[in-house]
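Protein chains in written order, with this note's numbering: chain A, 1 to 186; chain B, 1001 to 1160. In what follows, a structure is listed as structure tokens, so that the remarks can point back to it.
Okay, structure coming up:
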């Protein structure tokens, strides 16, 4: 597997090993470094219910693909990009099955306790589209540069600022509707 | 349309690093966009922190399982690719045969045009279809045969 060999180059201590065992160790090391932040990203962008499935699919795709040589930062960006594509695919499939609004209504009906217990701001974040959540997460949750965000979300670098601005405004509107905006965004 | 303040990146960095240069702090106090960025960044940091803590506690999929799944998929794909390569000559041959059948049908129709016309007129198909002019019926039947053959050739091509 070419990608696993790539992971080996990134992992001090396993560089000397070769063959399938070396590649497996290298992948394990890469996974240990990246799985928790990636799972955190997926849990807030796609929803906690899908996070583990999508995490697994992300790494399977990573191992199955044969990307060009990458450094550590590029590898991480590649993983995020793959994860984001999977989130979009899942979201599109879900939207085809039934409208997003219906899904939200049904979920709220099936899950009565969270609105009081769950953090209001996280609930507001859930009302945004996956792309908007991803933008806010990458820009403000992880402090990534606009160029990186553009690469992960496959948009133009110049568009990131405008998209972020719109996502922030939308979040502010949702918070205002919940009566939270003045306290949080003042 | 405005798209926020030029100093947004600096504000995000200041929140993440917890260091506010006096000048930037002064600007953020008066700029509505930067105030918003500051609040959203601080909040998203909290959300990210909580999500990472959750992820650290969660039982993540096993990397060995992921490796195994990727390996299985790779082998399946390899086998599919080998099968595809193995049956390719058969598929090509199939296309050639269908092409030859179509060409033969066309050639036969051209060579035996008159006899075919008489035969079709004799069966009453021509009268039923287009009246007494059998040659028109023959042209129609030939066209249908040719289109069917061409379709068969194309369908064979899509399978390869």
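Glycine is no exception: its CB is placed at the ideal position from the N, C-alpha and C atoms. Because the structure is a prediction, the values reported are computed rather than measured.
At the C-beta level, residue 1013 of chain B and residue 1028 of chain B stay beyond 9 Å of one another.
Under the criterion of beta carbons closer than 8 Å, residue 1054 of chain B and residue 43 of chain A qualify as touching, at roughly 7 Å. The beta carbon of residue 1080 of chain B sits no closer than 9 Å to any beta carbon of chain A.
A residue is called buried when at least 16 other Cβ atoms come within 10 angstroms of its Cβ; residue 62 of chain A meets this threshold and is buried. Residue-level contact check: residue 1073 of chain B touches chain A, since one or more beta carbons of chain A fall below 9 Å from its beta carbon.
The three-state secondary structure of residue 1054 of chain B, taken from DSSP, is helix.
Nearest Cα to residue 51 of chain A within the set B:1049, B:1061, B:1044: B:1061. Annotated three-state conformation of residue 1063 of chain B is helix, per DSSP. Boundaries of the alpha helix (DSSP H) harbouring residue 169 of chain A: 157 to 177, taken from the DSSP string. For residue 1019 of chain B, no chain A residue has a Cβ inside 8 Å of its Cβ, as the nearest lies near 13 Å away. Residue 168 of chain A reaches chain B at 1004, 1036, 1037, 1040, counting residues in chain order whose Cβ is nearer than 8 Å. Listed in chain order, the non-local C-beta contacts of residue 34 of chain A below 7 Å within the same chain comprise 76, 79, local neighbours out to five positions each way being set aside. The beta carbon of residue 152 of chain A does not come within 9 Å of any beta carbon belonging to chain B, so the residue lies off that interface. Residues of the region 29 to 51 of chain A that bring their beta carbon within less than 7 Å of a beta carbon in chain B comprise 31, 35, 36, 37, 39, 40, 43, 44, in sequence order.
For the region 52 to 79 of chain A, the set of residues with a beta-carbon nearer than 7 Å to any beta-carbon of chain B comprises 52, 55, 56, 59, 60, 63, 64, in chain order. DSSP places residue 1034 of chain B in the helix class (H, G or I) of the three-state scheme. The residues 163, 164, 167, in chain order, have a CB closer than 6 Å to that of residue 135 of chain A in the same chain once the five nearest residues on each side in sequence are set aside.
Interface criterion not met: the Cβ of residue 1026 of chain B is under 9 Å from no Cβ in chain A. Under the Cβ distance rule, residue 1060 of chain B counts among the residues neighbouring chain A, one pair being separated by less than 9 Å. For the options A:53, A:95, A:142, the alpha carbon positioned closest to that of residue 1044 of chain B is the one of A:142. Just so you know, the alpha carbons of residue 1093 of chain B and residue 90 of chain A end up roughly 41 Å apart.
Excluding five sequence positions before and after residue 1031 of chain B, the CB atoms of its chain that fall closer than 6 Å to its own CB belong to 1005, given in chain order.
Selection B:1033, B:1036, B:1058, B:1007 evaluated against residue 1024 of chain B yields B:1007 as nearest (Cα-Cα).
Interface residue (Cβ-Cβ distance to chain A less than 9 Å): residue 1010 of chain B is not classified as such.
With at least 16 other beta carbons inside 10 angstroms of its own, residue 1102 of chain B counts as buried.
In this structure residue 54 of chain A is in contact with residue 46 of chain A, their Cβ atoms being roughly 6 Å apart against a cut-off of 8 Å. At least 9 Å separates the CB of residue 1029 of chain B from every CB of chain A.
In chain order, 1015 place their CB closer than 8 Å to the CB of residue 1042 of chain B, counting only its own chain and leaving out the 5 sequence neighbours on each side. Residue 48 of chain A: member of the alpha helix (DSSP H) spanning 48 to 64, first to last residue.
For residue 132 of chain A, the enclosing alpha helix (DSSP H) has its first and last residue at 130 to 136. The region 1090 to 1128 of chain B contains, as complete alpha helix (DSSP H) runs of 4+ residues, the segments 1113 to 1123 (chain order).
Residues of the region 1103 to 1115 of chain B with a Cβ closer than 7 Å to any Cβ of chain A: none. Between the C-alpha atoms of residue 82 of chain A and residue 88 of chain A there is a straight-line separation of about 10 Å.
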